[in-house]
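Counting from 1 along the sequence shown, just add 217 to a position and that's the residue number in this note's numbering.
In this text, a Cβ means the ideal position worked out from N, Cα and C, and glycines have one as well.
Because the structure is a prediction, the values reported are computed rather than measured.
Inspection log for the structure reproduced underneath, given as structure tokens.
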Amino acid sequence: GHQMSDPSSVDESTAPRQGLMDIPNAEESQQLTGTSKPRKGSDPLGRIGLTVACALTHVLALALLILLSSTLKTHLSPDKPLLTWRTFPLHPFLMVLAFGLLSPVAAAAWKSYEHTLGISRPVVKLIHAVLMLAAMVVGIIGVADMWLVHEDGAAAQKAKGWAVHFQSAHSYVGLATLILFAVQAMGGITAFSPLPILGLSGRARVVEPHRLLGAAVAQQAAMIAIITGILSLSGRGDNKAPKDLEFKAAAILALALCLCLGMVLKP
């Protein structure tokens, strides 16, 4: 059978430079680095199970954004557009757009588009990269909006005895999530950039940590940040008022999305 050569024997000075479209996926990188192991039994989810989980990820992510957008508009921004800069409701909308829709869809695209939709691997990698970059940019804009909102209300915050910034557990979880996504972005750029940042074998070794960090940390941290943000918005209610019920429904959707992502991103 065909055997792959030891990456240490590759002359990287003569090997063709590889960019975004040519970098191997996780399985290929394991082969390149000689760390691949034979499978012990079948995939517990199977191709059908993975396809269903990825489809549910798309549906739940879109449902979460639609429900939260409607709730924010109705109860927090009834007199002005939701996309008004330097307003409080814009922050949760942008953060859910970034980490509740764009990044979960990017993860599901990476895992499923090639096999279920027949999209070529290079195009799938490009879709994944563009969606993740968009999520990072939208997330940064969302944090900037909230920072300015807090600055505008600094006097009122201090009068209550609160800090101007980072007042809640949610804010710390959100900051950690944004940092993790920044680390992910750096890893992705290092692995997939057409620039000669690393050699072929070095890039192959970066792919697997990049994938594991995204699956185990960044995506799940984002779901926790969204749920704690919803808790900060909703507080406590009587289980009767529409606002109370809608925020709680959004939290349940975020939890379901978190569970689906766990199945999509399993090792």
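Measure the C-alpha to C-alpha separation of residue i and residue j and round it to an integer number of angstroms.
| i | j | result |
| --- | --- | --- |
| MET403 | CYS477 | 26 Å |
| LEU273 | LYS465 | 20 Å |
| MET440 | LEU474 | 8 Å |
| VAL366 | ALA372 | 12 Å |
| THR304 | LEU267 | 39 Å |
| LEU284 | GLN374 | 29 Å |
| PRO295 | VAL340 | 41 Å |
| ASP338 | VAL347 | One point to set straight first is that residue 338 is Arg, not Asp, in the sequence displayed. Distance between the alpha carbons of ARG338 and VAL347: 14 Å. |
| ALA376 | GLU463 | 31 Å |
| TRP327 | LEU470 | 22 Å |
| LEU472 | ARG264 | 23 Å |
| LEU279 | ASP455 | 27 Å |
| THR333 | LYS342 | 15 Å |
| GLN436 | PRO321 | 7 Å |
| ILE358 | GLU331 | 31 Å |
| THR291 | GLY479 | 32 Å |
Between residue i and residue j, is the Cβ-Cβ spacing less than 8 Å?
| i | j | result |
| --- | --- | --- |
| ALA323 | HIS345 | yes |
| LEU289 | LEU277 | no |
| ASP369 | HIS308 | no |
| HIS427 | ALA408 | yes |
| GLY317 | LEU282 | yes |
| GLY378 | MET312 | no |
| THR445 | VAL390 | yes |
| SER451 | ASP461 | yes |
| SER287 | PHE310 | no |
Since residue i and residue j are thought to touch, with beta carbons under 8 Å apart, how far apart are those beta carbons, to the nearest angstrom?
| i | j | result |
| --- | --- | --- |
| LEU319 | ALA352 | 4 Å |
| HIS387 | ALA442 | 7 Å |
| LEU430 | GLN401 | 6 Å |
For residue i, which residues in the same chain have their Cβ closer than 8 Å to its Cβ, ignoring the five residues on either side in sequence?
| i | result |
| --- | --- |
| ALA399 | MET353 |
| TRP364 | HIS382 |
| LYS297 | THR304 |
| ALA380 | GLN374 |
| LEU499 | The chain is shown only over 218 to 484; residue 499 falls outside these bounds and no answer can be derived. |
Given residue i, which residues of its chain have a CB within under 7 Å of its CB, disregarding the five upstream and five downstream residues?
| i | result |
| --- | --- |
| ALA325 | CYS271, THR274, HIS275, VAL481 |
| SER329 | LEU267, THR268, CYS271 |
| VAL423 | GLY404, THR407, ALA408, LEU415 |
| TRP302 | ASP362 |
Under 6 Å Cβ to Cβ from residue i, same chain only, skipping five residues before and after it: list those, please.
| i | result |
| --- | --- |
| LEU293 | PRO306 |
| ALA438 | THR394, LEU397 |
| ILE447 | PHE464, ALA467, ALA468 |
| SER385 | SER449 |
| LYS483 | none |
| LEU392 | none |
Complete runs of the alpha helix (DSSP H) confined to the segment 277 to 363 [at least 4 residues]
Runs of the alpha helix (DSSP H) spanning 4 or more residues and lying entirely within the segment 277 to 363 occur at 307 to 313, 320 to 329, in chain order.
Enumerated in chain order, which unbroken segments of the alpha helix (DSSP H) with a length of 4 residues or greater are wholly contained in the segment 369 to 404?
Segments of the alpha helix (DSSP H) lying fully in the segment 369 to 404: 371 to 376.
Every unbroken beta strand (DSSP E) inside the segment 421 to 477 [3 residues or more]
If one requires a minimum length of 3 residues, no beta strand (DSSP E) run lies completely within the segment 421 to 477.
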